[in-house]
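A.B. asks:
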Amino acid sequence: MTSKAQRENLNMAKCQEFFDVSLSNHSLIYAVLRLQCPRFSPEAVLKRHFKHYDPGLFSADVATVPFHVAGIFDDPEDVCWAWGKLSSDALEVHAPVKRSISKRQHVPFMTAKLLGSIRHRNKLRKLFFETKDSGDREKYRIQRNFTPSLRRRGLFKLSPVKSRSFHLKENGVLVTDKKGVAETFKNYFSLIQNVGDEHNSDSNVAVDLSGHPSIVAIRKECIAAQFEFDHVSVAETGLILKSLDPNKATGHEQIPARVLRDGASVLAAPVTHLKQLVHYFDLHLSKFLSAYRKGYSCESGLLNLIEDWKEASVKNFVVGSVLMDLSKAFDLIPHDLLLSKLSAYGVSTHSLNLLKSCLTNRRQQVRVEDVTSDTSYVNSGIPQGSVSGPLLSNIFINDLSYFMKEAKLSNYGDDNQLYFADTNPAVVEHVVNKELVVVFEWFRNNKMILNPAKCKAMVLSRKPNVKLSLFGEDPPTIQIATASSRTSWVGQTVTFKCQSDGVPTPKLTWYQPDGSEIKRDTNKEITVQVTLNESGDFGYYKCLAENGLTPRDEEVVKINQIEKPGQAFIISTEADVRARSLTIRWTAPADDGGSPITAYRLVVLKDYTEITRINITGLQKTNHTFTGLERETNYTVKVFARNYVFEGDAAVKTLKTKFEGPPEVVKIDELPTETKDNTITLKWEEPGSNGKVIALYTAYQRTVTDGKVGDWKEIGNITNVKDRQLEVKLKKGEVYEFAITATNVLGEGLKQDALKIKRVKAIGIPETVEIYDLPSKATEDTITLRWNEPQDNGKKITQYTVYQRTKADERPGEWTIIKEISDVKVRDFKVKLERGKVYLFAVTATNDVGESLIPDERNIPQVKAVRISGKREVSLTATINENCSRRLFVAAKFPNVACELIVNLGCFAALAVDSRCGSVIINFIMYFNQSVATSTVLTSLKNAAKQNKFGVFKVDPASIKQVSLPNVAGPEECNCPCNGVKAIIGALAFMILLLIICIIWLYKRGAVRKQRTYEDERGVYDNEMELKDLQSSLPDSSKLTQPPAEHMDLREASRGNRKAPSAALGANYAPLHPLTRSWEVSRVHVTIEKVIGKGAFGQVARGTAIELRGRPEATTVAIKMLKVNASESDKQDLMKELETMKQLKPHPHVIKLLGCVTESGGSPYPRMSGRKIANLLQQGYRMPKPQHVDDKLYQIMKRCWQNEPDARPTFTNLKNQLKDLETFHKRLINMEMYDKHLYANVEDLTV
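Residue numbers for the sequence shown follow the UniProt record's numbering, beginning at 1 and rising by one.
1. Taking the beta carbon of M448 as the centre, do at least 16 other beta carbons fall within 10 Å, making it buried, or is it exposed?
2. Consult DSSP for V903 and reduce its assignment to one of helix, strand or coil.
3. Could you check where the alpha helix (DSSP H) with M1197 kicks off and where it finishes?
4. If we count Cβ pairs, one from each stretch, closer than 8 Å, do we get three or more for the stretch 669-678 versus the stretch 694-712?
5. Report buried or exposed for E517, applying the criterion of at least 16 other Cβ atoms within 10 angstroms of its Cβ.
6. The alpha helix (DSSP H) spanning I395 covers which residue range?
7. If you run the structure through DSSP and keep just helix, strand and coil, what is E1204?
8. In angstroms with no decimal places, state the Cα-to-Cα distance between H167 and K497.
9. Check the C-beta distance from G951 over to N929 and give it rounded, since I have them as a contact under 8 Å.
10. Using the three-state DSSP reduction, which class does T1140 fall into: helix, strand or coil?
11. Starting from the N-terminal side, write out each stretch of the beta strand (DSSP E) that is 3 residues or longer and does not extend beyond the UniProt domain "Fibronectin type-III" (565-664).
12. For P390, collect the residues of the same chain with a Cβ closer than 6 Å to its Cβ; drop the 5 residues on either side in sequence, then sort them by chain order.
13. Spatial neighbours of S469 within its chain, please: C-beta separation below 7 Å, excluding the five flanking residues on both sides.
14. At the level of alpha carbons, what is the spacing between V838 and T846?
15. Please report the straight-line C-alpha distance between V438 and Y541, rounded to a whole angstrom.
16. Could you pull out every residue in the same chain whose Cβ sits closer than 6 Å to the Cβ of V366, ignoring the five residues on either side in sequence?
17. Count the other CB atoms, across all protein chains shown, that sit within 10 Å of the CB of R887; report buried if there are 16 or more and exposed otherwise.
18. For a test of the three-state rule: what should DSSP assign to D521, helix, strand or coil?
19. Is it buried or exposed, K248, if we count other Cβ atoms within 10 angstroms and call 16 or more buried?
20. How would you label V314, buried or exposed, when you count the other beta carbons within 10 angstroms and need 16 or more for buried?
21. Check whether the stretch 208-218 touches the stretch 335-347, counting contact only when three or more Cβ pairs, one atom from each stretch, lie closer than 8 Å.
22. For the candidate residues W489, T477, P425, T495, whose alpha-carbon lies nearest to that of K467?
23. Which class does W712 belong to by DSSP, given the choice of helix, strand or coil?
24. Let me know if D1022 comes out buried or exposed under the rule of 16 or more other beta-carbons within 10 Å of its beta-carbon.
25. What do you reckon, are the CB atoms on S410 and Y419 nearer than 9 Å?
26. Take D474 and list the residues in its own chain whose beta-carbon comes closer than 6 Å to its own, dropping the five residues that flank it on each side.
27. Can you name the residues that DSSP bridges to N744?
28. For L342, name the three-state secondary structure that DSSP assigns.
29. Would you report the Cα separation of S935 and F953, rounded to the nearest angstrom?
30. I need the DSSP call for R153, collapsed to helix, strand or coil.
31. If we ignore side chains and look at the alpha-carbon of each, how far apart do E900 and I1092 end up?
32. Could you pull out every unbroken alpha helix (DSSP H) segment of at least 4 residues lying fully inside the stretch 80-134, listed in chain order?
33. Could you tell me if S581 is buried or exposed, where buried requires 16 or more neighbouring beta carbons within 10 angstroms of its beta carbon?
34. How is R293 classed by DSSP in three states: helix, strand or coil?
35. Quick check: E664 and A742, are their CB atoms within less than 9 Å of each other?
36. Mind checking if I118 is an interface residue toward chain C, Cβ cutoff 9 Å exclusive?
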């Protein structure tokens, strides 16, 4: 609570309390602070969505857009607007602009300084943990404490109770509100932009600048030439559009580059190429200009200066240099003078109009947080940041070099360096000062402002004590004399500003129109505010600059007064007078009072009593009809004209209504604003006849589209005047206005006033929804329904409903709802199909009136879901870039890898039929759980080969082909339909036969086991037993009889009486079927007890194996395996030895292969089958914590096993957590507690 911020902001404390701690006579005081930091809310962003964008359809639609309509405009801006409007409307259909929510940004207190401090803290922390140095620890501690302090400061600054305020002091007046600050800045910038307003190119008054010194110099120095923007051909424009980068940002017209590229053949309209202008002026621009030109730069300008000065120094010359800087050079370029210079350089009138449209009618405003000022026109300056801006700036300043006779000039943007070298310092001083007068004169004539604070003089000389008097005496020249507004009225305040140069500093004085002095100051600039209290305060205000030299300079600013306008002129005639109505016509006043007329006010009086009035703001309308008047009565009409400020005197005229005339206005009875009917009945009362019998009623109708009223159309004549009603047909979705007129012998009456006519909207259920592009046959499991947006008939569509019914034996079923879509922008839906069925689909649209009708069945297309013609077994060949020595390994692994890549097509198994060398060529069969097209399989595998998705196998995509192979039984189950009693009897007979064969096999196997003696099982291995002892313990070969059942032949290898393909044609003994994996022994069934022998790269251990070759009891075995440090080639050699032993026929002198373990690593789920593991994992089961693993490491693993991906830690989090675990001074894995029976692993035993 000692912080100054906390003491000053007492509202930052949420609550404050104190209590006795019983430790002293002091109480403990605490406070809870409000430090919650505001966060940025998500923002709505408008983006184009290309989800359903089709380049072909877009190009076809754009080809029908009438772009030639844009040619009716003369103004290039109107042409560009029309072209952009047509393009955007066409694009909106294919890639509409939608509203999306952007993510939040960083918290506002996260500044660049705080981010840098966090990174530095982390860097020091890492360094300390690496070095463990006390000095590094101290640095880390200091930075660790400093970082939170930055965060707290940021929170204090962003505290909700702390408000930001803006204060601006202008001419001694304190401006505190944001609107006033914005307006003050706007006025300041307007004063700058209004320089040279008397030569404003945006005005309608043409100014002749042919005698301007710069124009005369350009015409004298520049070679006569003519420039015209060339028309680019459609072919050239098309090439440019097609080369557009689709990743470029979208312009303000919201037409992406990819769309312009897709529609290049249609959108290739003539455009102007800027390089034409650049190439033309490269011939006319002076070499002293170094900015914004190809081959010129700031470096080249500096090099030219330095080389000239070095050359003068070598010659022992004295160099006098003046460095000048212009203030707001880009903002002060007068438009009319720039265009006149372009014309003098030879730019044609047509090209000038194009450039003028780019410069004129530009506006600016100032924004202070969420408050913006009024807009003001920019009357001078070139657009900064534009492509043409730098070139136009160079063109404007280029003619300055034409006035330099002796001195040299170097320019870069708004920086100019004037210098001259000579042996005589006096000559240098004279020439530089003389040329400075010329430069200053050019600046004045071209409305440029010199910044004296940044102007410096420099003398370069080898001679000592050389002094030059540069910037000598100079008469004053007013550079700016302007007002915040050139038109005003009594009671308003106008700000006048005047700037001048000159040496010594001049005295600036403002004078009123009557000659009295307002303010005087010795300064380069003077600003004064004047309140206009009477008419005499309007007129010419003068700014006078004088510094004792001649000539003095003065500038005049005229303030025009806005007064009330003159009277309008009523021009109504006898023809405008009827029995019960008057039509008033008038013309605008001759004097608008200094401001355009904005409105008219009409008043009608009867006997000096006002009976009605109306205000008319549409300036094009200069007539109005008053109805409901009395017959043969005098009325006085007054018309007032109003400008921006004042209302003028009334124009008065008295008119008398007639005794007889056409009938009065017919009033139609109350009509509903909306109707669901197809017709509406118009009823009306009999109007006043005005002295003559009504003979006819005429009904009129007009429609309203997008708020625009159409023309009246006659829809009926009623000659039976007693029948005052008419039934009119309506079209759903249209908005109508109706009028009835009555006619007698004197003419037809007036229609009802437009303001009193009620509109009627015909509403109804939406039109029938049309589904398009629906095929008659579907080969996929799903089909996508697409439909067009129907006409809503006056009410917005709120929902689409998708219906479906099936057709069996040409009889359609009932319609059922399969989806209700509330997002009406979505007009497609994917439906699942069942093979062999015939479907009918319909979509209805619903609005507030009701649901649309389902189309007639004759107009509903039907879809038949046909079965896919294909195979469930595909025989293929492929060439793998691998050493032939690994042929058997490739044959065992490659088919399964290929099957996993196309598991989405239904592949569940694959096996190699044969293999041969030549790299390694594999013939294999792939099995699918559904019919699949061979071409689809080939395409998927070839694409996977091109993308190197086969892992360690490098496959030639062109080598993957279909081949014809012997029919080999695969692992899939029979999917043949079994219908009827015969199929059931056949299945039962097959099961009985299998049972008999199994009983016979078990009987023979038991008899063989009883006959055989196992000498090796009765031997007891000693801990010190060597490999030779294992060999000597084998039984005598003369007494050993190898039972036939112990050698696993082809019949034993196959399961379910399936045939295994031969891997080596012509061999006596074929390998086991690769899919059966009969040689493979589960790792959990093998227990390693003791290593009993070691070789160069291998070792032999004693152990036991359970369930070996179908035996449930444990069998003592010798286990051959690799050492821990074995190389990759050693592993390959062991695999080759294993494959050779699989091929050997049983022999009494050869060690028999009982099985192999090729899948290394302990099982995380011991004693469980793969199917059981999969079921348990789906139920939420996870591996329990092994006893040798630390709990922190186990908790990290459990978080990685979460079902939801979002709940799992990211790699960054894992990295940080594991990094933190490194700091614990204990082992995370205790191998002394390792359960060798559960997680047996060779590598673990050697830890």
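Beta carbons are placed, not taken as given, at the ideal position from N, Cα and C, and that holds for glycine.
C.D. replies: Considering the structure as presented:
1. buried
2. helix
3. 1191-1200
4. no
5. exposed
6. 389-398
7. coil
8. 22 Å
9. Not confirmed; about 24 Å, so no contact.
10. helix
11. 582-587, 599-606, 609-616, 623-626, 634-642, 651-656
12. Y292
13. E429
14. 27 Å
15. 29 Å
16. A182, F185, K186, S373
17. buried
18. strand
19. exposed
20. exposed
21. yes
22. P425
23. coil
24. Unreliable positioning characterises D1022 in this predicted model, as indicated by a pLDDT of 33, which lies under 50. The coordinate reading is nonetheless provided below. Label assigned to D1022: exposed.
25. yes
26. G502, V503
27. G747
28. helix
29. 22 Å
30. helix
31. 41 Å
32. 112-131
33. buried
34. coil
35. yes
36. Of the chains in the structure shown, none is chain C; there is only one protein chain.
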